[in-house]
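**Q** Take this structure first; my questions come after.
There are 2 protein chains.
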Amino acid sequence: MDRRPTIYDVAQAAGVAASTVSRAFARPGRVKAETARRIFEAAEALGYRTTALPGLVSRRTRTLALVVTDITNPFYGDIIRGAHEAAHELGYTLLLSHTQEDAQLERDWTERELTAVEGVLLTSSRMSDSAIRMMAKQKPVVVLNRRLPEVPSILVDNARGIRRAVEHLTELGHDAVTYVAGPESSWTDGARWLALREAAHELDIRVRRIGPCNNPTVHAGFGRAREVVTTSSTAVIAYNDAVAIGVVKGLTRLGVPVPEAVSVVGFDNTLLSEIIEPELTTVAAPLQAMGATAVKNLVAMIGGAVPSREPIIMPVRLVVRRSTGQRSRNRVSPALGTRNVSSSASAAARSTESGSR
Amino acid sequence: MDRRPTIYDVAQAAGVAASTVSRAFARPGRVKAETARRIFEAAEALGYRTTALPGLVSRRTRTLALVVTDITNPFYGDIIRGAHEAAHELGYTLLLSHTQEDAQLERDWTERELTAVEGVLLTSSRMSDSAIRMMAKQKPVVVLNRRLPEVPSILVDNARGIRRAVEHLTELGHDAVTYVAGPESSWTDGARWLALREAAHELDIRVRRIGPCNNPTVHAGFGRAREVVTTSSTAVIAYNDAVAIGVVKGLTRLGVPVPEAVSVVGFDNTLLSEIIEPELTTVAAPLQAMGATAVKNLVAMIGGAVPSREPIIMPVRLVVRRSTGQRSRNRVSPALGTRNVSSSASAAARSTESGSR
DNA sequence: CTGAAAGCGCTAACAG
DNA sequence: CTGTTAGCGCTTTCAG
Numbered sequence: 001m002d003r004r005p006t007i008y009d010v011a012q013a014a015g016v017a018a019s020t021v022s023r024a025f026a027r028p029g030r031v032k033a034e035t036a037r038r039i040f041e042a043a044e045a046l047g048y049r050t051t052a053l054p055g056l057v058s059r060r061t062r063t064l065a066l067v068v069t070d071i072t073n074p075f076y077g078d079i080i081r082g083a084h085e086a087a088h089e090l091g092y093t094l095l096l097s098h099t100q101e102d103a104q105l106e107r108d109w110t111e112r113e114l115t116a117v118e119g120v121l122l123t124s125s126r127m128s129d130s131a132i133r134m135m136a137k138q139k140p141v142v143v144l145n146r147r148l149p150e151v152p153s154i155l156v157d158n159a160r161g162i163r164r165a166v167e168h169l170t171e172l173g174h175d176a177v178t179y180v181a182g183p184e185s186s187w188t189d190g191a192r193w194l195a196l197r198e199a200a201h202e203l204d205i206r207v208r209r210i211g212p213c214n215n216p217t218v219h220a221g222f223g224r225a226r227e228v229v230t231t232s233s234t235a236v237i238a239y240n241d242a243v244a245i246g247v248v249k250g251l252t253r254l255g256v257p258v259p260e261a262v263s264v265v266g267f268d269n270t271l272l273s274e275i276i277e278p279e280l281t282t283v284a285a286p287l288q289a290m291g292a293t294a295v296k297n298l299v300a301m302i303g304g305a306v307p308s309r310e311p312i313i314m315p316v317r318l319v320v321r322r323s324t325g326q327r328s329r330n331r332v333s334p335a336l337g338t339r340n341v342s343s344s345a346s347a348a349a350r351s352t353e354s355g356s357r
Numbered sequence: 001m002d003r004r005p006t007i008y009d010v011a012q013a014a015g016v017a018a019s020t021v022s023r024a025f026a027r028p029g030r031v032k033a034e035t036a037r038r039i040f041e042a043a044e045a046l047g048y049r050t051t052a053l054p055g056l057v058s059r060r061t062r063t064l065a066l067v068v069t070d071i072t073n074p075f076y077g078d079i080i081r082g083a084h085e086a087a088h089e090l091g092y093t094l095l096l097s098h099t100q101e102d103a104q105l106e107r108d109w110t111e112r113e114l115t116a117v118e119g120v121l122l123t124s125s126r127m128s129d130s131a132i133r134m135m136a137k138q139k140p141v142v143v144l145n146r147r148l149p150e151v152p153s154i155l156v157d158n159a160r161g162i163r164r165a166v167e168h169l170t171e172l173g174h175d176a177v178t179y180v181a182g183p184e185s186s187w188t189d190g191a192r193w194l195a196l197r198e199a200a201h202e203l204d205i206r207v208r209r210i211g212p213c214n215n216p217t218v219h220a221g222f223g224r225a226r227e228v229v230t231t232s233s234t235a236v237i238a239y240n241d242a243v244a245i246g247v248v249k250g251l252t253r254l255g256v257p258v259p260e261a262v263s264v265v266g267f268d269n270t271l272l273s274e275i276i277e278p279e280l281t282t283v284a285a286p287l288q289a290m291g292a293t294a295v296k297n298l299v300a301m302i303g304g305a306v307p308s309r310e311p312i313i314m315p316v317r318l319v320v321r322r323s324t325g326q327r328s329r330n331r332v333s334p335a336l337g338t339r340n341v342s343s344s345a346s347a348a349a350r351s352t353e354s355g356s357r
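Sequence order for the protein chains is S and P. Position one of the first sequence corresponds to residue 1 (full-length UniProt numbering), numbered consecutively onward. Position one of the second sequence corresponds to residue 1 (full-length UniProt numbering), numbered consecutively onward.
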């Protein structure tokens, strides 16, 4: 026999009915131990493996869709990994989609694949609320980094993260911070900016906002550096690490020393943040755990669990590294860097001493 | 009607038989244009969409498995993206698996999912040759970054990349280079080391090899820096950018200036390489194109095409940045950095002037 | 070119 | 606990 063995083959070999074989594999316990043993033995001998394909009858594809906006963004690496591992443990497989920060592509793909999956994980979705809600009516959906009523969501504690960052900055003497925004369609971006305004109000500092960076990359951040200088803020908080790093590089290029003239804080604590010089102060979230939590909740929903109406908020912590420092006496003058050789020399000397953690 | 419409619904609405609807969707041309139009209209009206689920009969799942060793590695980001986009264009979906550099996990996962996909893309697989070959007998398989007879493969031109790097280094006066190795089970690692030995022989320089870094990350490279110093080579070529960056950071930490005392070359030109200071000289490969090419070939094979027996070799180019420089008169003395304040000051001053590209 | 009918591999009633 | 039977939605002979 050259085709893959089916339950019928196994049934025949084990001397039982096909449905019994089906039960033996699909719902352990509904078959006498002894019979089950015979079945498994026969299956083993024939090399039978339960098909991952959905029996048309049961819609159990054991597959989840994971939609990310940009695979290339290291931020998603850990989320995907966490999701993947959790899925694997729960016996699920991940269908991957990256949508290039494009809501239309996201809709299309999702619609096309929706039938094939048991649940959907939307990460930083750029789709409209209503589109997501519509989808959530058809299938279990969990959204990451986005809050919308009626759909279970998992968020990082943006408010606290921003708050910590601002406190850190004020402790260093800063009283004006510029926010370098991310994509306009990003819920997270809105949440961070809002949190920053609130924190600024409470702590009595001034804030400005520049951007958006619709593609929140190093490159985009780099291009915003000049604007940062013109705001004459002594501190910046960026939408994410990539943008923050771009800003650091841009400022450096303009001769504005970080952190001597301007302090920079990122968000996400991706591996990038330890590579840049000076290493980036950033808000860390448990990315891998987020991915895993999302999958676990999704699978629970598939299993019939009723998700909590309240979003799950993941804790954050501020990782202080060397891109933030005491506010210097004089602000950088607008549109003009003030860096000179002596300041860069001291920075370099410091860099040799402290090194990376 | 609340369930998804089926071909039967469409058939009824269009006044034809279900089989005709099936044909209209599955094999264009086998149905009279006029009839097809009626069918599509009815389908449209009912909101019928051809199911992504495999009809039991046709094994056409329109799904491909993409297996990577570590999603977190930015190297894969572009490959995945290229693969994803090509797949999307060809109407395929990607099932993702990351195997944590673990051959066993890779085998398990693959076996479990094999039935559900029409083809498999193995990226930098850690599985044994025989395991891969066995799989290739059951399904179309394309391997990336690995060469083995009988299985179509897509490789980067490691030999040329290494050769270029070595030439670059010799032009700068270096006559001894240390290779910081990657994972032992990596075919690519072997290929690069071999290429290095050959190039070294032809160009008459000395080579050493340290490692392996089974998890080829920044961290691993960092840990190898001290060993690099003890080899007293003035140049190092690392398995990949991450390791190279780790080496740079480690050397810097040890007070060994890059590139003044030691030049460092990476491989892959990932986005990391532009973040590190000094920016990394590295061998670039068209990652996204690789992913796309792999998928296109895989789909062609699924369609019955006979793959070429010869591997497809993707071109490389050396991206010269600032981590490589003229060999200094004096080598670093073994186990002891020689960096002093003046050298770091000059390095820093330089960094302000040139900035990133 | 199109209809009728027979399954693909598996699960889910429903009886025993 | 297990066998029988009837499909899931679609494709594919096989006849018209």
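Even for Gly, the Cβ is constructed at its ideal location relative to N, Cα and C.
(1) Excluding the five sequence neighbours on either side, which residues of its own chain have a C-beta within less than 8 Å of the C-beta of Trp109(P), listed in chain order?
(2) Find the nearest neighbour of Cys213(P) within the set Leu172(P), Thr69(P), Ala86(P), Gly182(P), judged by alpha-carbon distance.
(3) Using a C-beta to C-beta distance shorter than 8 Å, which residues of chain P count as neighbours of Asp78(S)?
(4) Give me, in chain order, the residues of the same chain whose beta-carbon lies closer than 7 Å to that of Gly221(P); leave out the 5 immediate sequence neighbours on both sides.
(5) The beta strand (DSSP E) that contains Ala176(P), what's its start and end?
(6) Indicate whether at least one CB of chain S lies closer than 7 Å to the CB of Arg81(P).
(7) List the residues of chain P whose Cβ lies closer than 9 Å to the Cβ of Glu184(S), in chain order.
(8) Excluding the 5 residues preceding and the 5 following Gly161(S) in the sequence, name in chain order all residues of the same chain whose CB lies nearer than 6 Å to its CB.
(9) If the cut is a Cβ gap below 7 Å, which residues of chain S does Glu277(P) touch?
(10) Just the Cα atoms here: how many angstroms apart are Arg253(P) and Pro278(S)?
(11) With distances taken between CB atoms, is the gap from Trp187(S) to Arg146(S) smaller than 7 Å?
(12) Strictly below 8 Å CB to CB, what residues from chain P border Val218(S)?
(13) What are the residues that DSSP puts in a beta bridge with Ala284(S)?
(14) State the beta-bridge partners of Arg253(S) as determined by DSSP.
(15) In the structure shown, what three-state DSSP assignment does Glu198(P) receive?
(16) Under 7 Å between C-beta atoms, does Gly15(P) make it to chain S?
(17) Are Val143(S) and Val156(S) closer than 7 Å when you measure CB to CB?
(18) Would you decide whether Leu318(P) is buried or exposed? Buried here means 16 or more other CB atoms lie within 10 Å of its CB.
(19) Tell me the DSSP secondary structure of Val306(S) in three-state form.
(20) Measure the Cβ-Cβ separation of Arg62(S) and Gly91(S) and say whether it is below 7 Å.
(21) Between which residues of its own chain and Ala87(S) is the CB-CB distance below 7 Å, once the five residues before and five after are set aside?
(22) Taking all protein chains shown into account, decide if Asp189(P) is buried (16 or more other Cβ within 10 angstroms of its Cβ) or exposed.
(23) Looking at the strands, I want to know which residues DSSP matches up with Ser97(S).
(24) Please report the straight-line C-alpha distance between Leu271(P) and Asp9(P), rounded to a whole angstrom.
(25) For Asn215(S), which of Glu310(S), Phe25(S), Leu121(S), Asp102(S) has the nearest alpha-carbon?
(26) Please report the residue range of the alpha helix (DSSP H) in which Leu169(P) lies.
(27) Per the contact definition of three or more C-beta pairs closer than 8 Å, is the segment 111-124 of chain S in contact with the segment 320-329 of chain S?
(28) What ranges does the beta strand (DSSP E) occupy inside the segment 206-254 of chain S, keeping only unbroken runs of at least 3 residues that lie completely in it?
(29) Which complete alpha helix (DSSP H) runs does the UniProt domain "HTH lacI-type" (5-63) of chain S hold, if anything under 4 residues is left out?
(30) Leu148(P) by DSSP, collapsed to three states: which one?
(31) Pull up the CB-CB distance for Ala176(S) and Arg206(S), whole angstroms please, since I reckon it's below 8 Å.
(32) Would you say Leu336(S) lies against chain P (beta-carbon separation less than 7 Å)?
(33) What does a CB cutoff of less than 6 Å around Pro307(P) pick up in its chain, not counting 5 residues either side in sequence?
(34) Please report how far the alpha carbon of Leu280(S) lies from the alpha carbon of Asn240(S), in whole angstroms.
(35) Please report the distance separating the alpha-carbon of Val262(P) from that of Leu194(P).
**A** According to the structure data:
(1) Excluding positions up to five away in sequence, the list reads Val67, Ser97, Thr99.
(2) Here the closest residue by C-alpha is Gly182(P).
(3) Within chain P, the residues near Asp78(S) are Thr72.
(4) The beta carbon of Gly221(P) lies closer than 7 Å to those of Val180, Cys213, Ala238, Ala242, Val243, Ala244, Ile245, Gly246, Val247, Gly250 in the same chain, with the five residues before and after it left out.
(5) If you look at Ala176(P), you'll find it in the beta strand (DSSP E) that goes 176-180.
(6) Arg81(P) counts as touching chain S.
(7) Neighbours of Glu184(S) across chain P, judged by C-beta separation under 9 Å, do not exist; the nearest C-beta is about 22 Å away.
(8) Annotation for Gly161(S): Val283, Val316 place their beta carbon closer than 6 Å to its own, counting only its chain and skipping 5 residues before and after.
(9) For Glu277(P), the C-beta contacts it makes with chain S under 7 Å involve Glu277, in order along the chain.
(10) Each residue's Cα considered, the two are about 13 Å apart.
(11) Yes.
(12) Within 8 Å of the CB of Val218(S), the CB atoms of chain P belong to Leu271, Glu274, Ile275, in sequence order along the chain.
(13) Bridge partners of Ala284(S): Asp268(S), Arg317(S).
(14) According to DSSP, residue pairing for Arg253(S) in a beta bridge does not occur.
(15) In the structure shown, the three-state DSSP call for Glu198(P) is helix.
(16) Using a Cβ-Cβ cut-off of 7 Å, Gly15(P) does not count as an interface residue toward chain S, since no Cβ of chain S sits closer than that to its own.
(17) No.
(18) Buried, because 16 or more other Cβ atoms sit within 10 Å of the Cβ of Leu318(P).
(19) Val306(S) falls in the coil class under three-state DSSP.
(20) Pairing Arg62(S) with Gly91(S) gives a Cβ-Cβ distance under 7 Å.
(21) These residues qualify, in order along the chain: Leu64, Thr93, Leu94, Val295.
(22) A buried status is given to Asp189(P), since no fewer than 16 other beta-carbon atoms sit within 10 Å of its beta-carbon.
(23) As computed with DSSP, Ser97(S) is found in a beta bridge with Val67(S).
(24) In a straight line, the C-alpha of Leu271(P) is about 51 Å away from that of Asp9(P).
(25) The option with the nearest alpha carbon to Asn215(S) is Asp102(S).
(26) Its alpha helix (DSSP H) spans residues 158-171.
(27) Under the three-pair Cβ rule at 8 Å, the segment 320-329 of chain S does not count as touching the segment 111-124 of chain S.
(28) As summarised for the segment 206-254 of chain S, the continuous beta strand (DSSP E) elements at least 3 residues long and confined to that stretch are 206-210, 235-238, given in chain order.
(29) If only complete runs of 4 or more residues are kept, the UniProt domain "HTH lacI-type" (5-63) of chain S shows the alpha helix (DSSP H) at 7-14, 18-26, 33-46, in order along the chain.
(30) In the structure shown, the three-state DSSP call for Leu148(P) is strand.
(31) Between the beta-carbon of Ala176(S) and that of Arg206(S) there is about 4 Å, and that keeps the pair under the 8 Å contact cut.
(32) With a pLDDT of only 42 at Leu336(S), under 50, the local geometry of the prediction cannot be trusted, and the value read off the model is given with reservation. Chain P, which has no Cβ nearer than 7 Å to the Cβ of Leu336(S), makes this no.
(33) Cβ contact annotation for Pro307(P) (same chain, cutoff 6 Å, sequence separation greater than five): Pro152, Met301, in chain order.
(34) Straight-line Cα distance between these residues: approximately 11 Å.
(35) So the alpha carbons of these two residues sit roughly 22 Å apart.
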